[in-house]
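Q:
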Amino acid sequence: MWWFRRQRHAVSSAHQSLFARLVVALVLLGGPVACGFHLRGEAHYAFETLYLNSPASQPLTTELRRSLEGAGSAKLVPAPDQAQAILDVVSVENNKQILSLSGGGKVAEFLLTKRILFRVRDSVGNEWLPTAELLVRRTYTYNDTAALAKEAQEQRLWREMQDDAVAQIVRRLQSAKKPA
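For the sequence shown, my numbering gives the first residue as 1, with consecutive numbering after it.
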């Protein structure tokens, strides 16, 4: 008889534990939905075709082309006369500055800056999106004793900055409006 009571108590605590885990899982899974979170869907643009006017030698051009081809409803075309809108990448500048020095006068921090000027227009020259400046900045600490590791970190930061810039350009393209 005592064995039966003990086993029944173990089963009920196991059920309580399972119930508690289920409640926690529902709260964790339901939280993002309740706050309005949803995955980014396909981008929608005011134009159906787009020509990318940017030097092919620029690494930004390759990333931008790849992102635009997979991002949404607009089709990239090979010639500007076939496009409803033209994305002009006016300039891309990368800059590396010393941000701070150590007490011994050695470099302690660098500031990396990527500056991009771009605009969206039609083949006649009417602006869909006026010339916009995009700035992406990152700082990193520097140490002479780990120069190779810091160089690899710098290259990784440049790639991340480029990815960030491409994502921002794609988002800004969604705000481009057809000229009146």
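C-beta: ideal position from N, C-alpha, C; glycine also.
Cutting at 8 Å between CB atoms, please list the residues of its own chain near Q82, excluding the five before and the five after it.
A: Locating residue 82 in the sequence shown gives position 82, where the first residue counts as 1. Cβ within range, chain order: T49, Y51.
Q: What's the C-alpha gap between V166 and V89?
A: Here residue 166 refers to the residue found at position 166 of the sequence shown. Here residue 89 refers to the residue found at position 89 of the sequence shown. One C-alpha to the other measures close to 11 Å.
Q: Can at least three beta-carbon pairs, one atom from the segment 100-115 and one from the segment 67-77, be found at a separation below 8 Å?
A: no
Q: Just to check my reading of the structure: S54 and L64 have Cβ atoms closer than 8 Å, yes? What is that Cβ distance to the nearest angstrom?
A: By one-based count along the sequence shown, residue 54 stands at place 54. By one-based count along the sequence shown, residue 64 stands at place 64. Right, the Cβ-Cβ distance comes to about 7 Å (below 8 Å), so this counts as a contact.
Q: Just confirm the distance between the C-beta atoms of F118 and Q84, as a whole number of angstroms; I'd bet it's less than 8 Å.
A: Residue numbering aside, residue 118 sits at position 118 when the sequence shown is read from its first letter. Residue numbering aside, residue 84 sits at position 84 when the sequence shown is read from its first letter. That belief does not hold up - the Cβ atoms of F118 and Q84 are roughly 17 Å apart, past 8 Å.
Q: Where does H38 sit, in a helix, a strand or coil, going by DSSP?
A: Walking along the sequence shown from the start, residue 38 turns up at place 38. Low local confidence applies: a pLDDT of 46 at H38 is under 50, so the model's placement there is unreliable, and no value is given.
Q: Pop quiz: K150 and V136 are said to be a contact at Cβ under 8 Å. What is the actual Cβ separation, rounded to whole angstroms?
A: Taking the sequence shown and counting its residues from 1, the one referred to as residue 150 is at position 150. Taking the sequence shown and counting its residues from 1, the one referred to as residue 136 is at position 136. About 19 Å separates the two Cβ atoms, so there is no contact after all.
Q: Return the chain-ordered ranges of every beta strand (DSSP E) run that is complete within the segment 82-140 and spans a minimum of 3 residues.
A: Complete beta strand (DSSP E) runs here, min 3: 85-101, 107-121.
Q: Taking V120 and L173 to be in contact with their CB atoms under 8 Å, please state how far apart those CB atoms are, rounded to whole angstroms.
A: As a working mapping, residue 120 is identified with position 120 in the sequence shown. As a working mapping, residue 173 is identified with position 173 in the sequence shown. Rounded, the Cβ-Cβ distance is 7 Å, consistent with contact.
Q: Which same chain residues end up closer than 8 Å to L231 when comparing Cβ atoms and leaving out the 5 residues on each side of it in sequence?
A: The structure shown does not extend to residue 231, since the chain is modelled only from 1 through 180, so no value can be given for it.
Q: Taking the alpha carbon of S102 as the point to measure from, which residue in D122, T141, E69 has its own alpha carbon closest?
A: Position 102 of the sequence shown, counting from 1, holds the residue named residue 102. It is T141 whose Cα lies nearest to the Cα of S102.
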